[in-house]
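Notes follow once the structure below has been shown.
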Amino acid sequence: MKKRCSGILMPVSSLPGGYGIGSMGQAARDFVDFLVLAGQSVWQILPVGPTSYGDSPYQSCSAFAGNPYFIDLDQLAADGLLKPEDYAKENWGTNPNYCDYALLYQKRYKVLRKAYAAFLQQRPVPGYDTPYSDDWYRFTFLSDAWLPDYCLYMAIKEENKMCDWQTWPAPLRLRDPKALEEFRTGHADELGFWAFVQYEFAKQWQALKAYANSKGIRIIGDIPIYVALDSADAWANPGLFQLDKDNIPTAVAGVPPDGFSPTGQLWGNPLYRWATHRATGYQWWITRLWYCFELYDVVRIDHFRGFDTYWAIPADSTTARTGKWENGPGMELFDALEAALGKLPIIAEDLGELFPSVRKLLADSTFPGMKVLQFAFSGGDSEYLPHNHVKNGVVYPGTHDNTTLTDWWENGASEKEKAAAAAYLHLTGVKPTAKELAAIRTDDVRIALLRAALGSVADRAIIPMYDWLGLGAEAHLNTPGKLGGNWAWRAADGFAAKALAKTIHDECSVYCRV
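All letters in the sequence shown, in the order written, are residues 0 to 513 by numbering that gives the first Met the number 0.
Structural data, given as structure tokens:
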């Protein structure tokens, strides 16, 4: 991504189609074709890990596993593992433009277990001396650092009615070797199911990525800096996190009060025990990033500033206000990663309260940072205004935490921001009156902001799909601090029309981005 280019942010979950949520099937390939027609170089997605409580892709039960919901059921049928009647007649919800995660949880695993039963019946594989194909053994070998613990974690979780691992019986919660071995022996089939699900995810994902790459489209993946407390990662590696002798957190992650929340954000993720990571040569991080680079062409790391200084909140706090800044690993981590993996194709989400030390870390890493136009008009010579952007950066109208441009103008922006934006974008004079602001058409603002992003000096411009579509609050992906109702938007069938592709191509070509 060294040349001037543009791309579109579109979560896999937001792709259209049947069966309750977007998948890695034909709709994903159709979207790749749309990107090509639109002259784009990049498809940016949100994290593809399994979602859990709150449905957030940034609170996953695994830093490595793929989301079973994204497995394309039609492809499983094509592979002989399902019949269309196994899933087509299920009730996947009444609104095709909304992900009903509770319904997905009830329905999807039932279908996947049917596919697993058919998978077992296909053994032994014709032409092979072993019960499984070479692809299966290759996948399990390359995933050995995380897959066994993930499968064991999910099987125990299933046995305990999907409760948080910190409520499990002590021998399992504290990973007593004898208890774990007894559980493995008695639940071999359940372990096999969770391995099968990850195998199918990996197989379909790699096929989709190969298709995109063959068309000249690179995929930007997204990973949260932290893992969830209720995750296979925290359960299997408690020594890497700030947990006490009973594996209870002593401090958790979040951010201090900011523009999104006057009391800050209390995320609840366990914090890293950085001294232990340092003692291991940052091996867990090396493994994590190596695996990410197998999945994606470029990785965006959320909350990059936490590698410099992070907000540590006492675990018994009910608000993020009580936190304090602690020091992260800094460049030492990225030096270790680069020594192990080579040059790192990373985008740093460098938003939030930025100390000089955070800016120095970004500069030393040489990673491109982010500029968000919705943050640009609150007053003064903001670093987010296009004339202050830098070439080695990525410009966005908004992130997944921002609302759409349409909703921002109509409901989110203050009068001060509207006046500054209208003047900057030449929609009015330099000092617009309230009457002049009221007369501005929302769509004119949206198009002007999109053109401001595309016209930025930043080498990379990423536009959320819902902003190209001109959608309102219904497409707002996430409201920080709000539990439930997020991550639900899905595009309508036919959204990726050739006429829209031509419009995007024409707009991007003006700014030399196609």
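The beta-carbon is built from N, C-alpha and C at its ideal position, and this holds for glycine as well.
Among D442, K415, D443 and Y97, the one whose alpha carbon lies nearest that of P431: Checking every option, the nearest Cα to that of P431 belongs to K415.
Minimum C-alpha distance to Q58 - residue among Y68, V47 and P67: V47
Cα-Cα separation between L171 and K244, rounded to whole angstroms: 15 Å
Three-state secondary structure assigned by DSSP to K342: In the structure shown, K342 sits in coil (DSSP, three-state: anything other than H, G, I, E or B).
Proximity of D99 and S22 at Cβ, strictly below 8 Å: Not closer than 8 Å, so no.
Whole-angstrom distance between L336 and E158, CA atom to CA atom: 37 Å
Where M161 falls, given that 16 or more other Cβ within 10 Å makes a residue buried: Looking at its Cβ environment, which holds fewer than 16 other Cβ atoms inside 10 Å, M161 is exposed.
Unbroken stretches of the alpha helix (DSSP H), 4 residues or longer, contained in the region 46-107: 72-77
Three-way DSSP call (helix, strand, coil) for I503 in this model: When secondary structure is reduced to three states using DSSP, I503 falls in the helix class.
Residue closest to H302, alpha-carbon to alpha-carbon, out of D443, S455, G253 and F140: G253
DSSP-derived helix/strand/coil call for F195: F195: helix per DSSP, three-state reduction.
Straight-line Cα distance separating R512 from E325: 40 Å
Presumed contact (8 Å Cβ cut-off) between D466 and L404, rounded CB distance: 5 Å
Sheet register partners of C4 (DSSP bridge): R459
Coil, strand or helix - Y136 by DSSP: helix
Exposure of Y136, with buried meaning 16 or more beta-carbon neighbours within 10 Å: exposed
DSSP state of Q43 mapped onto helix, strand, coil: strand
Segment limits, alpha helix (DSSP H) that includes Y295: Y295 -> no alpha helix (DSSP H), and no H or E assigned at all.
Same chain, Cβ closer than 7 Å to G17, five either side skipped, listed in chain order: W91
Per-residue burial, T184 [other beta carbons within 10 Å of its own, 16 or more giving buried]: exposed
Buried versus exposed call for I247 [16 or more other C-beta atoms within 10 Å across all chains shown]: exposed
Exposure label - L111; buried when at least 16 CB within 10 Å: buried
Where the beta strand (DSSP E) containing G368 begins and where it ends: G368 to V371
Exposed unless 16 or more other CB atoms sit within 10 angstroms - verdict on K82: exposed
Residue(s) in a DSSP beta bridge with L448: Partner(s): none; L448 has no beta bridge.
Beta-carbon contacts of Y198 that lie in its chain and below 7 Å, excluding the five residues immediately before and after: The answer, listed in chain order, is W135 and F138.
Distance, C150 Cα to G191 Cα: 8 Å
Between the CA atoms of T441 and E331 - distance to the nearest angstrom: 47 Å
CB contact flag (L449, E506, <8 Å): E506 is positioned such that its CB atom lies closer than 8 Å to that of L449.
Coil, strand or helix - V389 by DSSP: V389 falls in the coil class under three-state DSSP.
Inter-residue CB distance, F494 and P15 (contact presumed, cutoff 8 Å): 7 Å
Close beta carbons around A447, own chain, < 7 Å, minus the five adjacent residues each side: L424 and L426
Buried or exposed (CB count within 10 angstroms, at least 16 for buried), D269: Contrary to the premise, residue 269 reads as Pro rather than Asp in this sequence. Result: buried.
Euclidean distance between Cα positions of G322 and Y271: 15 Å
Chain-order list of residues whose beta-carbon lies under 6 Å from that of A117 (same chain, five-residue window excluded): Correct list, in chain order: L80.
C-beta contact flag for G305 and I224 at 8 Å: Contact flag set, yes.
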